[in-house]
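Below is one structure, written out as structure tokens; the observations come after it.
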Amino acid sequence: MGINHWPQDERPREKLLSRGAEALSDAELLAIFLRVGVQGRSAVDLARDLLARFGGLRPLLEADQRHFCAAHGLGVAKFAQLQATLELSRRHLASQLAKGNALTSPSLVRHYLSAQMRHLAHEEFAVLFLDTQHRIIRFESLFRGTLDSAAVYPREVAKRALELNAGALILAHNHPSGVAEPSDADRRITERLREALGLFDVRVLDHFVVGDGDVVSFAERGWL
């Protein structure tokens, strides 16, 4: 039975409009994105099939073009639409963060860094450069590494902070293993960066480690 034959309050689109997007399941949200199903399968049925095939919503959203387009009911147009939607979400988070003081929105900082870095298959080290009022100047990925490491050079971080006239910054890097627990090496490089940047009166406010489902803050641990 097609979705248009379902009771009004059970249809994903109508349910979203009446109860809000948070009331929908992953399959229902995906069905709205798909819009239509395939022969003999409603959009919700197709969404459930896709979630089962990819192993959940995140693997589906992070699939590369080849694997995404190989799935029945998907294609290049849907892949392009999905990538545009994901990028809109990242830019929305960035614009929200840029409007205010980064330190008054720790949850938003976490969401933003997670959206930017969680899906990466390699380790990257990035910096949120802030002005003296702790407003966002720019987010930049400075160092890219292998599966489990990235070489970080304090001199390069300091150089970029001075170029941007930053008064403070927030460090961030991801753990492709998915485990956000900071290593001893993470703590050592953070201390080296704090000392090096302190010579130029640039404060390191926090260092976030982005994992699969968690983001650990050095400041909350009392390490900064």
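For the sequence shown, full-length UniProt numbering begins at 1 and goes up steadily by one. Note that the Cβ used here is the ideal one computed from N, Cα and C, for glycine as well.
**Prompt:** Beta carbon of V38, beta carbon of A27: below 8 Å?
**Reply:** V38 is not a Cβ neighbour of A27, given a cutoff of 8 Å.
**Request:** In angstroms with no decimal places, state the Cα-to-Cα distance between L57 and L51.
**Result:** Approximately 6 Å between the Cα atoms of the pair.
**Prompt:** Is there a Cβ from chain C that is less than 8 Å from the Cβ of L46?
**Reply:** The chain inventory of the structure shown lacks chain C, comprising one protein chain alone.
**Item:** Cβ-Cβ separation, V202 to A166 (assumed contact under 8 Å), whole Å
**Value:** That belief holds up - the Cβ atoms of A166 and V202 are roughly 6 Å apart, short of 8 Å.
**Prompt:** Under 8 Å, do L171 and L193 count as touching if we go by C-beta distance?
**Reply:** Contact annotation: L171 and L193 have beta-carbon atoms nearer than 8 Å.
**Request:** Take the Cβ of L199 as the centre, count every other Cβ of all protein chains shown within 10 Å, and call the residue buried at 16 or more, exposed below.
**Result:** With fewer than 16 other Cβ atoms inside 10 Å of its own Cβ, L199 counts as exposed.
**Request:** Just the C-alpha distance for S89 and S107, rounded to the nearest angstrom, thanks.
**Result:** When only Cα atoms are considered, S89 and S107 end up about 16 Å apart.
**Item:** Contact check, E123 vs P176, beta carbons under 8 Å
**Value:** It is a contact, given that the beta carbons lie within the stated cut-off.
**Asked** Is it true that the CB of A180 sits closer than 8 Å to the CB of D214?
**Response** Yes, Cβ-Cβ distance for D214 and A180 is below 8 Å.
**Request:** Kindly list the residues whose CB is nearer than 6 Å to the CB of A77, restricted to its own chain and excluding five residues on each side of it in sequence; keep chain order.
**Result:** For A77, where only same-chain residues beyond five positions count, there are no Cβ hits under 6 Å.
**Request:** Might you give, ordered along the chain, the residues of its own chain that have their beta carbon closer than 6 Å to the beta carbon of G73, omitting 5 neighbours on each side?
**Result:** Same-chain partners within the cutoff: V38 and L46.
**Alpha-carbon to alpha-carbon, L113 and residue 226** = There is no way to answer for residue 226, as the model of the chain reaches only from 1 to 224.
**Item:** Which residues DSSP lists as bridging L130, in chain order
**Value:** Residue pairing for L130: DSSP places it in a beta bridge opposite I136 and A168.
**Message:** Using CA atoms only, rank isn't needed, just tell me which of V157, L205, R221 and F218 is closest to A196.
**Reply:** Among V157, L205, R221 and F218, the Cα nearest to that of A196 is on V157.
**Request:** Can you give me the start and stop residues for the alpha helix (DSSP H) that D206 sits inside?
**Result:** Not the alpha helix (DSSP H): D206 falls in the beta strand (DSSP E), residues R203 to V210.
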